[in-house]
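Worksheet for the structure shown next.
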Amino acid sequence: MAGVDPHAGTVVEIGAGSGLVTAAIAAALPGARILAAEPSTVLRSVLTSRVVRDPDLRGRVTVRPDTAQELALPDRISAAVLCGVAGHLDQAERADLWRRLTERMLPGAPLVVELMAVDRPVAMPRTRLATRRVGGQDYEWWFAARPGAGEGDPLVLHSTWRVLDAAGSAVREETETHRWHAFGLERVAAETGWELRDLRGGPGANSAPLGVFTRAS
Ligand SMILES: C[S@@+](CC[C@H](N)C(=O)[O-])C[C@H]1O[C@@H](n2cnc3c(N)ncnc32)[C@H](O)[C@@H]1O
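Residue numbers (our numbering): 775 to 991.
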């Protein structure tokens, strides 16, 4: 976000989820107006709750329920952020989004894209990715991925959240299935025609593909 003029335009975050990244953007860009779009009612509730309880966020983050495909973009965009979202769009939907962003992003405005750790069509066996004790219960996040049925079909991702009581018995289990088009940052660079700065391998880097794209002047 270095170099972004927070007063020149709006920062657009698409698929903001629970607002973790939204809060990080706000901290990096004091005073910036942020449009945070999140289509999932559950995640948008968490996002809105995070925004409402912080007077600074409350004054400058606008929460919208729209998908990337539906979102009405502001005329002047100073940065755009898609973390863990671009693979939910097919190629035509991405092309439309990149075109609409290109029309509105100010010169030098960064497009930040993170592609989770699934930038290739690979299978991943059911794996427990996180666990956390909350009160007297344990919460677990399990994840699995398998390639789609046909050549070029998106990956099928399953996330399961389990809640276990003190004796280790499951008291609740929720599973969600999503489709994810697996591609890398180079594909985004080719689709947008923008210059890629690959942030993998930098300080604090994790294994997920993370890049900043800027329009060549
Ligand atoms: C892996 S989560 C990432 C959430 C958040 N960006 C983060 O990094 O914490 C993917 C998010 O994309 C959202 N999403 C799914 N399909 C979408 C679409 N078509 N347009 C916008 N967001 C979408 C989901 O609701 C979810 O919040």
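By construction, the Cβ of each residue, glycine as well, lies at the ideal position given by its N, Cα and C atoms.
Distance cut-off 7 Å: residue i Cβ against heavy atoms of ligand 1
{"i": "Gln865", "result": "no"}
Residues near residue i by beta carbon distance below 8 Å, same chain, minus five either side
{"i": "Ala810", "result": "Glu787, Ala790, Gly793, Thr796, Leu821, Val825, Val835, Thr836, Val837, Arg838"}
{"i": "Pro928", "result": "Gly861, Asp864, Gly922, Arg953, Trp954, His955, Ala956"}
{"i": "Ala842", "result": "Ile788, Gly789, Ala811, Leu856, Val859, His862, Leu863, Glu867, Leu871"}
{"i": "Ile851", "result": "Gly783, Thr784, Val785, Val786, Leu875, Arg878, Met879, Leu880, Ala883"}
{"i": "Leu903", "result": "Trp915, Trp916, Phe917"}
{"i": "Thr905", "result": "Asp912, Tyr913, Glu914, Trp915"}
{"i": "Ala854", "result": "Val785, Val786, Glu787, Ile788, Leu875, Met879, Ala883, Pro884, Leu885, Val886"}
{"i": "Gly996", "result": "Here the chain covers residues 775 to 991 and nothing more, so residue 996 does not appear."}
Close beta carbons around residue i, own chain, < 7 Å, minus the five adjacent residues each side
{"i": "Asp849", "result": "Arg878"}
{"i": "Leu973", "result": "Ala979, Leu984, Gly985, Val986"}
{"i": "Leu803", "result": "Met775, Val778, Pro780, Val785"}
{"i": "Arg900", "result": "Trp916, Ala918"}
{"i": "Pro999", "result": "Missing from the structure shown is residue 999; the chain here goes from 775 to 991 and no further."}
{"i": "Ala869", "result": "Glu965"}
{"i": "Leu845", "result": "Ile788, Ala811, Arg838"}
Outcome for residue i when other beta-carbon atoms lying within 10 angstroms are tallied against a minimum of 16
{"i": "Thr1007", "result": "Lying before the first or after the last residue shown, residue 1007 is absent from the chain, which here runs from 775 to 991."}
{"i": "Val945", "result": "exposed"}
{"i": "Val892", "result": "buried"}
{"i": "Arg818", "result": "buried"}
{"i": "Ala798", "result": "exposed"}
{"i": "Val816", "result": "exposed"}
{"i": "Ala990", "result": "exposed"}
{"i": "Val962", "result": "buried"}
{"i": "Ile800", "result": "Just to set this straight, residue 800 is Ala in the shown sequence, not Ile. It is buried - the Cβ of Ala800 has at least 16 other Cβ atoms within 10 Å."}
Other residues of its chain near residue i: CB distance less than 6 Å, five sequence neighbours each side excluded
{"i": "Ser933", "result": "Phe917, Glu950"}
{"i": "Met890", "result": "Gly858, Ala982"}
{"i": "Leu831", "result": "Ala800, Val825"}
{"i": "Glu969", "result": "Thr988, Ala990"}
* Pocket of ligand 1 (residues with CB nearer than 5 Å to any heavy atom), chain order -> This criterion selects Gly789, Gly791, Leu794, Val795, Ser814, Leu817, Thr841, Ala842, Cys857, Gly858, Val859, His862.
* Asked: So does the stretch 881-897 actually touch the stretch 981-991, counting three or more Cβ pairs closer than 8 Å?
  -> Cβ pair count under 8 Å is three or more, so yes.
* At least 3 beta-carbon pairs within less than 8 Å: the stretch 908-916 vs the stretch 935-955 -> Between the stretch 908-916 and the stretch 935-955 there are three or more C-beta pairs closer than 8 Å, enough to call the two in contact.
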